[in-house]
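Protein chains in written order, with the working numbering: chain C, 20 to 216; chain B, 146 to 338. Reading through the structure tokens given below for one structure.
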């Protein structure tokens, strides 16, 4: 029986040619290794998602400054315009028009010091939009302005003012109450006045 | 005794083939992560777009607690005026200090009874001139005189009216009050009063 013997050179050649290379995953497909990139993207997404917890969902309420007019139009009747004014006082809300202040109920005028929408009794202070107790009867103001709107359906303008110590959140409460009654728009064109009474 | 022969080239090649066959052909075993990467990239782009759309830069703190409103109106991009308990900031730059939300009489024209806040007025005048210059050069960005008011909910109306009066004197008459979206079921904000 004859056998074959490999020389040292042949053995070395066979080892060299049959050597098994462990390939990197990126080399297998012959494309770029995207796993590090994916790691970066996942980390960025994590950061962004964590940041969303600190993001506040904001919206806005629009208002304008009253426009000062120099002189009136010839033949214009100042009494024909409503000139609706809402003043937030310490003890309630005063609603006034060209003819004077509105009495509680908002159907008739009343001279003198009058509070159109009185404050809620502090014991039953309602929670307003920001979850804090609020003595102002915003629902009452909305009802009052809805009554006014029935008589002046074309009017959309209101001037808002407040006592110096009234907090800004109450102004926002008033603006919310004046803009709409549910889906029905009331007086969305809000103008701010400095509050000199 | 067996004959020992020197291996030929063909035998060497056959030996190589035998050895190579011992190692199985590599097959793709890992998951295909390309769809996942596509998905991640889309989420990333979406989140970045969402962050970019947030045109209000509000960082609530003990000194700045924004009131809540039922309004769902989208925020308009405008010059931001922040009124905190301690400062007034215009475009995130501190203009003057406040004492518990009120303006010091020395900062106002006419003292305690005055309405015009002098440092704020000069700052707003500079902004007005800058915005008017931009409007002159770029008709797509006309000067509307609009400002965002980001104020602490405890700010007294007197301070607010002084700021608004000063805005008016600097020809900024369109006011956008920035509020937090909320309703009757809005969560109670942290108590800081």
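Beta carbons are placed, not taken as given, at the ideal position from N, Cα and C, and that holds for glycine.
Note the first and the last residue of the continuous alpha helix (DSSP H) segment covering residue 81 of chain C. Stepping through the first chain from its first residue, residue 81 of chain C is reached at position 62. Residue 81 of chain C -> not in any alpha helix (DSSP H); beta strand (DSSP E) instead, spanning 77-83.
Should the stretch 57-74 of chain C be regarded as contacting the stretch 134-141 of chain C, the criterion being three or more beta carbon pairs within less than 8 angstroms? No: fewer than three Cβ pairs fall under 8 angstroms.
Counting only the same chain and skipping the five closest in sequence on each side, list residues whose C-beta sits under 6 angstroms from that of residue 325 of chain B. What you label residue 325 of chain B is simply residue 180 of the second chain in a count that begins at 1. The answer, listed in chain order, is 211 and 213.
Return the chain-ordered list of same chain residues with a C-beta closer than 6 angstroms to the C-beta of residue 338 of chain B, the five sequence neighbours on each side being excluded. Start at 1 with the first residue of the second chain, and residue 338 of chain B comes out as number 193. Confidence in residue 338 of chain B is poor, its pLDDT being 33 and thus under 50, which makes the residue's placement unreliable; the coordinate value appears in the next sentence. Result list for residue 338 of chain B: empty, nothing under 6 angstroms.
What separation, rounded to the nearest whole angstrom, lies between the Cα atoms of residue 136 of chain C and residue 175 of chain C? By 1-based counting over the first chain, the position of residue 136 of chain C is 117. By 1-based counting over the first chain, the position of residue 175 of chain C is 156. When only Cα atoms are considered, residue 136 of chain C and residue 175 of chain C end up about 20 angstroms apart.
For a test of your reading of the model: does the CB of residue 192 of chain B fall under 7 angstroms from any non-hydrogen atom of the ligand GTP? Yes or no. Ligands are entirely absent from the displayed structure, and the ligand GTP is therefore not among its contents.
Once the 5 residues before and after residue 266 of chain B are set aside, which same chain residues still bring their CB inside 7 angstroms of it? Counting from one through the second chain, the residue named residue 266 of chain B turns up at place 121. Closer than 7 angstroms at Cβ, skipping near neighbours: 311, 314 and 315.
Cα-Cα separation between residue 23 of chain C and residue 56 of chain C, rounded to whole angstroms: Translated into positions along the first chain, residue 23 of chain C becomes position 4. Translated into positions along the first chain, residue 56 of chain C becomes position 37. Rounded to the nearest angstrom, the two C-alpha atoms are 54 angstroms apart.
So, helix, strand or coil for residue 262 of chain B, using DSSP? The count along the second chain starts at 1 and reaches residue 262 of chain B at position 117. Secondary structure of residue 262 of chain B (DSSP, three-state): strand.
Inter-residue CB distance, residue 234 of chain B and residue 272 of chain B (contact presumed, cutoff 8 angstroms): Residue numbering aside, residue 234 of chain B sits at position 89 when the second chain is read from its first letter. Residue numbering aside, residue 272 of chain B sits at position 127 when the second chain is read from its first letter. That pair is no contact at about 12 angstroms.
Does any C-beta atom of chain C lie closer than 8 angstroms to the C-beta of residue 185 of chain B? Within the second chain, residue 185 of chain B is the residue found at index 40, counting from 1. Yes, because at least one Cβ of chain C sits closer than 8 angstroms to the Cβ of residue 185 of chain B.
With a threshold of 6 angstroms on Cβ separation, who are the neighbours of residue 268 of chain B within its own chain once the five nearest residues in sequence on each side are excluded? As a first step, residue 268 of chain B must be located in the second chain, where it is residue number 123. Cβ within range, chain order: 235 and 240.
Taking the C-alpha atoms as reference points, what is the distance between residue 159 of chain B and residue 29 of chain C? Here residue 159 of chain B refers to the residue found at position 14 of the second chain. Here residue 29 of chain C refers to the residue found at position 10 of the first chain. Taking the CA atoms as reference points, residue 159 of chain B sits about 12 angstroms from residue 29 of chain C.
Using only CA atoms, which one of B/228, B/215, B/293 and B/193 lies nearest to residue 206 of chain B? For this step, residue 206 of chain B is matched to residue 61 along the second chain. Of the listed residues, the one whose Cα sits closest to residue 206 of chain B is B/228.
According to a CB-to-CB cut-off of less than 9 angstroms, which residues of the stretch 67-80 of chain C neighbour chain B? Hits within the stretch, in order: 67, 68, 70, 71, 73, 74, 75, 76, 77, 78, 79 and 80.
In this structure, how does DSSP classify residue 130 of chain B when only helix, strand and coil are distinguished? A query on residue 130 of chain B cannot be resolved here, the shown segment of chain B reaching from 146 to 338 and no further.
Helix, strand or coil, according to DSSP, for residue 207 of chain B in the structure here? In the second chain, the residue the question calls residue 207 of chain B occupies position 62. Of the three classes helix, strand and coil, the one that applies to residue 207 of chain B here is coil, per DSSP.
With DSSP as the reference, label residue 37 of chain C as helix, strand or coil. Numbered from 1 along the first chain, position 18 holds the residue referred to as residue 37 of chain C. Reduced to three states, the DSSP call for residue 37 of chain C is helix.
Measuring alpha carbon to alpha carbon, tell me which of C/182, C/171, C/124 and C/187 ends up nearest residue 158 of chain C. The sequence position of residue 158 of chain C within the first chain is 139, counting from 1. Here the closest residue by C-alpha is C/124.
Test item: CB-CB of residue 79 of chain C and residue 300 of chain B under 8 angstroms: By one-based count along the first chain, residue 79 of chain C stands at place 60. By one-based count along the second chain, residue 300 of chain B stands at place 155. No, the Cβ-Cβ distance between residue 79 of chain C and residue 300 of chain B is not below 8 angstroms.
Look at the alpha carbon of residue 211 of chain C and the alpha carbon of residue 317 of chain B, and state the distance between them as a whole number of angstroms. Here residue 211 of chain C refers to the residue found at position 192 of the first chain. Here residue 317 of chain B refers to the residue found at position 172 of the second chain. The alpha-carbon of residue 211 of chain C is positioned some 13 angstroms away from that of residue 317 of chain B.
Per DSSP, the bridge partner or partners of residue 195 of chain B: To locate residue 195 of chain B, count along the second chain from 1; it is residue 50. Note: residue 195 of chain B sits in no beta bridge, so no partner.
If I'm right that residue 323 of chain B touches residue 203 of chain B with Cβ under 8 angstroms, what's the distance once you round it to whole angstroms? The residue given as residue 323 of chain B occupies position 178 in the second chain. The residue given as residue 203 of chain B occupies position 58 in the second chain. Right, the Cβ-Cβ distance comes to about 7 angstroms (below 8 angstroms), so this counts as a contact.
Is the shortest distance between the beta-carbon of residue 297 of chain B and the beta-carbons of chain C less than 8 angstroms? Numbered from its first residue, the second chain carries residue 297 of chain B at position 152. True, the Cβ-Cβ gap to chain C drops below 8 angstroms.
Taking residue 324 of chain B as the query, report the chain C residues whose CB atoms sit under 8 angstroms from its CB, ordered along the chain. Here residue 324 of chain B is taken as the residue at index 179 of the second chain, counted from 1. In chain order: 77, 78, 79, 80 and 191.
Does the beta carbon of residue 94 of chain C sit closer than 8 angstroms to a beta carbon anywhere in chain B? Translated into positions along the first chain, residue 94 of chain C becomes position 75. Residue placement at residue 94 of chain C is poorly supported in this model, since its pLDDT is 48, which falls under 50; the coordinates still yield a value, given next. False, the Cβ-Cβ gap to chain B never drops below 8 angstroms.
Look at the alpha carbon of residue 179 of chain B and the alpha carbon of residue 192 of chain B, and state the distance between them as a whole number of angstroms. Position 34 of the second chain holds residue 179 of chain B. Position 47 of the second chain holds residue 192 of chain B. Rounded to whole angstroms, the gap between the alpha carbons of residue 179 of chain B and residue 192 of chain B is 20 angstroms.
So, is residue 197 of chain C buried or exposed, given that buried needs 16 or more other C-beta atoms within 10 angstroms? Working through the first chain from its first residue, we reach residue 197 of chain C at position 178. With 16 or more Cβ atoms within 10 Å of its Cβ, residue 197 of chain C is classed as buried.
Answer yes or no: do residue 226 of chain B and residue 295 of chain B have a C-beta to C-beta separation smaller than 8 angstroms? Counting from 1 along the second chain, the entry for residue 226 of chain B is found at position 81. Counting from 1 along the second chain, the entry for residue 295 of chain B is found at position 150. It is a contact, given that the beta carbons lie within the stated cut-off.
Quick check on DSSP: helix, strand or coil for residue 232 of chain B? The sequence position of residue 232 of chain B within the second chain is 87, counting from 1. Residue state, collapsed to three classes: strand.
Who are the Cβ neighbours of residue 62 of chain C in its own chain at under 8 angstroms, not counting the five residues just before and after it? Sequence index remark: in the first chain, residue 62 of chain C carries index 43 (1-based). No residues qualify anywhere along the chain.
Hey, could you find the ends of the alpha helix (DSSP H) residue 171 of chain C is sitting in? Sequence index remark: in the first chain, residue 171 of chain C carries index 152 (1-based). First-last for residue 171 of chain C: undefined, no H or E at that position.
Going by the DSSP bridge assignment, what does residue 105 of chain C pair with across the sheet? Here residue 105 of chain C refers to the residue found at position 86 when the first chain is read from its first residue. Bridge partners of residue 105 of chain C: C/114 and C/179.
Can you list, in chain order, the residues of its chain with a C-beta nearer than 7 angstroms to that of residue 336 of chain B? Leave out the 5 residues immediately preceding and following it. Counting from 1 along the second chain, the entry for residue 336 of chain B is found at position 191. Bear in mind that the predicted position of residue 336 of chain B carries a pLDDT of just 35, short of 50, making it too unreliable to give a figure here.
I need the straight-line Cα distance from residue 107 of chain C to residue 251 of chain B, nearest angstrom please. Here residue 107 of chain C refers to the residue found at position 88 when the first chain is read from its first residue. Here residue 251 of chain B refers to the residue found at position 106 when the second chain is read from its first residue. Looking at the two C-alpha atoms, the distance is approximately 28 angstroms.
Chain B contacts from the stretch 23-38 of chain C (Cβ-Cβ distance under 7 angstroms): The stretch 23-38 of chain C vs chain B, Cβ under 7 angstroms: 23, 24, 25, 26, 29, 32, 33, 36 and 37.
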